[in-house]
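See structure below.
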């Protein structure tokens with residue numbers, strides 16, 4: 004999965020909805036009380052932080068992972084996500100997204116050609132409608148920090164009756180990482196983009212805990228433009244999976260080997276037994 008604009012501040016542990024440019028914007032008053040919320044969950048640091056922050060004000064009724072059937076994510080292995088959910092003691096559901104076979108690999112994170120009603124947007128919207136009508140959910144929370152997908156979640160929620168919550172939206176990176184540390188969350192770097200970070204540094208990062216290598220990231224520069232590396236990986240520099248935290252009933256153990264993808268684009272941690 005990788006700048007900050009000024010937005011009106013919102014309380015980090017409040018039920019705040021995704022601000023513009025999302026078409027699903029709404030204020031905190033749109034969902035008073037303690038709403039039932041689903042959390043869009045990949046197991047990474049951002050959604051795990053949202054889980055910890057919103058647990059006091061919302062009922063996190065279920066973790067939901069949106070996934071194509073035919074393209075496993077190397078950075079976020081589904082078996083490992085399922086183990087995380089078990090360690091958290093929260094119900095988990097995999098929501099498979101069907102998309103045309105002509106879609107490019109990785110289209111899950113690309114802006115659809117028809118931004119308002121593409122097959123991909125409609126597939127998410129169908130799930131959102133089900134969440135509202137069958138599960139009685141009022142909102143879905145996301146770990147989005149920046150608008151890297153052209154307001155995708157907000158567009159998908161249009162007309163579904165579901166409010167999108169994004170409590171991390173455009174917040175300072177060091178402040179977010181301070182909160183990760185405060186919640187005792189342990190994000191493991193599982194994938195590094197080799198077109199953005201040089202391989203010698205990538206090998207120091209992959210398989211390390213994010214909070215242990217912050218000094219390396221702060222001094223690093225991106226290969227593509229010479230700019231700084233986003234400390235939360237919002238430009239796609241790296242991805243994480245969280246193995247422990249305040250809400251975990253027990254830590255998750257993993258073993259893996261550093262592996263470069265066949266196309267040479269990524270260094271990732273190849274999990275033993277796929278992370279199961």
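Residue numbers (my numbering): 4 to 279.
A virtual CB, placed ideally from N, CA and C, is assigned to each residue, including glycine.
| Check | Outcome |
| --- | --- |
| Minimum C-alpha distance to residue 43 - residue among 247, 98, 36, 75 | 98 |
| Status (buried if at least 16 other CB within 10 Å, exposed otherwise) for residue 256 | exposed |
| One or two residues paired with residue 273 in a DSSP bridge | 260 |
| Simplified DSSP state of residue 136, which is helix, strand or coil | helix |
| Straight-line gap, residue 125 to residue 158 (C-alpha atoms, nearest Å) | 10 Å |
| Option nearest residue 277 by Cα separation, candidates 69, 56, 77, 51 | 77 |
| Among 143, 45, 160, nearest to residue 64 - alpha-carbon criterion | 143 |
| Closest residue to residue 196 among 268, 251, 224, 132 (Cα-Cα distance) | 268 |
| Residue 242 and residue 209 closer than 7 Å at C-beta | no |
| Three-state secondary structure (DSSP) of residue 76 | coil |
| Assigned secondary structure, residue 145 (DSSP; H/G/I helix, E/B strand, else coil) | coil |
| Own chain residues within Cβ distance below 6 Å of residue 273, not counting five before or after | 259, 260, 262 |
| Among 199, 252, 205, 207, nearest to residue 321 - alpha-carbon criterion | Residue 321 cannot be examined here, being either before or after the span of the chain that is shown, 4 to 279. |
| DSSP state of residue 24 mapped onto helix, strand, coil | Low local confidence applies: a pLDDT of 36 at residue 24 is under 50, so the model's placement there is unreliable, with the coordinate-based value given in what follows. It is coil, neither helix nor strand. |
| Distance, residue 252 Cα to residue 90 Cα | 5 Å |
| Neighbour-count burial assignment, residue 27, 16 or more Cβ in a 10 Å radius | Reliability fails at residue 27, whose pLDDT of 39 lies under 50, so the model's placement of it is uncertain and the value that follows must be treated cautiously. With 16 or more Cβ atoms within 10 Å of its Cβ, residue 27 is classed as buried. |
| Cβ neighbours of residue 128 in the same chain (closer than 6 Å, five flanking residues each side left out) | 159, 163 |
| CA nearest to the CA of residue 185, picked from 45, 53, 46 | 53 |
| Where residue 75 falls, given that 16 or more other Cβ within 10 Å makes a residue buried | exposed |
| For residue 227 and residue 150, the rounded distance between their alpha carbons | 20 Å |
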